[in-house]
Amino acid sequence: MPAQRVWTAAEERKDLFKNVAKPGLTTIRGVLQEITGLRIDYTVIVDLKGFQSLVDAMGGVTVNVTERLPIQGYHTSSGGVAGIEGWIEPGVQQLDGYHALWFARSRLLSDDYSRMRRQRCLVGKILNQVNPATMVQKYPQLAAVAKENIQTDVPAADLPAWVDLVLRIKNSSTRSLTFTPDNISPANPNFAAIKRMVKDSLNPLPAVGPVVTPTTTPSPTTKAPTKTTGSTSNKSPKPSIGPTTPAAPPSQPVTIDEAC
0 MPAQRVWTAA EERKDLFKNV AKPGLTTIRG VLQEITGLRI DYTVIVDLKG
50 FQSLVDAMGG VTVNVTERLP IQGYHTSSGG VAGIEGWIEP GVQQLDGYHA
100 LWFARSRLLS DDYSRMRRQR CLVGKILNQV NPATMVQKYP QLAAVAKENI
150 QTDVPAADLP AWVDLVLRIK NSSTRSLTFT PDNISPANPN FAAIKRMVKD
200 SLNPLPAVGP VVTPTTTPSP TTKAPTKTTG STSNKSPKPS IGPTTPAAPP
250 SQPVTIDEAC
């Protein structure tokens with residue numbers, strides 16, 4: 000069941016939650032704790048408008064767009080697409096809040112795996128690029144947005160500690176674990192295995208020594224392969240996966256940067 004349906008189901012049956020101010024949030028937190036085996040101390044819920052305003056307040060976010068992404072749009076009954084209002088083009092882009100939101104949401108010409116990868120990439124870029132001094136200057140703007148679009152149970156007295164935590168995370172390596180059909184069965188998930196994978200992903204990465212593999216020395220005229228945006232050779236390039244059929248993300252823990 001999607002998270003939003005869990006939230007909605009709880010909010011529609013508030014009679015089952017005596018003395019609980021936010022049944023949806025409480026239920027989501029409980030479900031995630033049961034699935035992952037983690038204790039969730041605090042939560043922050045940011046809706047789409049709040050996310051867009053956050054990115055605008057920090058002056059935008061720079062990301063490497065690896066596929067052409069449509070803004071808006073829908074599938075027609077004949078199998079085509081319509082209603083596209085614009086595009087986010089490939090390349091290193093400075094995105095404002097609106098375009099960052101569509102970078103994270105767009106899946107008309109891709110799929111959930113591509114969207115999940117982009118969302119992880121965006122979270123990492125925001126953490127790395129946010130400037131606390133700028134955010135302090137924009138506090139009145141952020142406070143107005145937060146009042147309407149952000150829910151949290153973090154005590155106000157603890158906020159300075161969270162600022163310190165953000166600064167510590169800012170230039171660190173953040174890891175992400177994605178659950179896909181490669182490592183779980185969505186129809187019949189093995190929750191014990193999920194808890195084990197979550198636990199393993201939180202352990203430090205083991206030190207890896209140099210690996211020596213046999214290689215064949217290329218001739219002096221042979222160039223090493225390089226990534227290009229287009230073929231300049233007369234030879235036909237090997238088929239690659241385009242934006243309409245993106246590869247599923249790794250099912251092992253990876254750094255956020257690897258999602259970009």
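Note that numbering that gives the first Met the number 0 has the sequence shown beginning at 0, numbered continuously upward.
Glycine included, every Cβ here is placed at the ideal spot set by N, Cα and C.
Opposing strand residues paired with residue i [DSSP bridges]
| i | result |
| --- | --- |
| residue 175 | 253 |
| residue 151 | 43 |
| residue 69 | 86 |
| residue 74 | 80 |
| residue 133 | Answer by DSSP bridge pairing: none, since residue 133 is not bridged. |
| residue 60 | 94 |
7 Å Cβ cutoff met for residue i and residue j
| i | j | result |
| --- | --- | --- |
| residue 103 | residue 118 | yes |
| residue 10 | residue 29 | no |
| residue 62 | residue 125 | no |
| residue 105 | residue 69 | yes |
| residue 51 | residue 97 | yes |
| residue 67 | residue 86 | yes |
| residue 137 | residue 56 | yes |
| residue 144 | residue 49 | yes |
Residue i classed as buried or exposed, judged by whether at least 16 other C-beta atoms fall within 10 angstroms
| i | result |
| --- | --- |
| residue 74 | exposed |
| residue 218 | Reliability fails at residue 218, whose pLDDT of 46 lies under 50, so the model's placement of it is uncertain and no value is given. |
| residue 53 | buried |
| residue 39 | exposed |
| residue 116 | buried |
| residue 153 | exposed |
| residue 109 | buried |
| residue 260 | Look at the range of the chain in this structure, 0 to 259, and you will see that residue 260 is not part of it. |
| residue 7 | exposed |
| residue 162 | exposed |
| residue 201 | exposed |
| residue 176 | buried |
| residue 251 | exposed |
| residue 78 | exposed |
| residue 282 | The requested residue 282 does not occur in the structure, where the chain is confined to residues 0 to 259. |
| residue 235 | For residue 235, the pLDDT reaches just 35, beneath the cut-off of 50, and the residue's location in the model is therefore unreliable, although a value from the coordinates is still provided. The residue in question, residue 235, is exposed, as its Cβ has fewer than 16 Cβ neighbours within 10 Å. |
| residue 13 | exposed |
| residue 228 | Since pLDDT at residue 228 reaches only 33, below the 50 mark, its modelled position is unreliable, and no value is offered. |
| residue 221 | Unreliable placement is indicated for residue 221, whose pLDDT of 40 sits below 50; the coordinate value is still reported in the next sentence. Residue 221 should be labelled exposed. |
Whole-Å CB distance - residue i paired with residue j, under 8 Å assumed
| i | j | result |
| --- | --- | --- |
| residue 80 | residue 107 | 6 Å |
| residue 100 | residue 47 | 6 Å |
| residue 198 | residue 36 | 7 Å |
| residue 42 | residue 151 | 7 Å |
| residue 27 | residue 5 | 6 Å |
| residue 148 | residue 45 | 7 Å |
**Prompt:** If you pair each beta-carbon of the region 163-174 with each one of the region 129-139, do three or more pairs fall below 8 Å?
**Reply:** Yes, the region 163-174 is in contact with the region 129-139.
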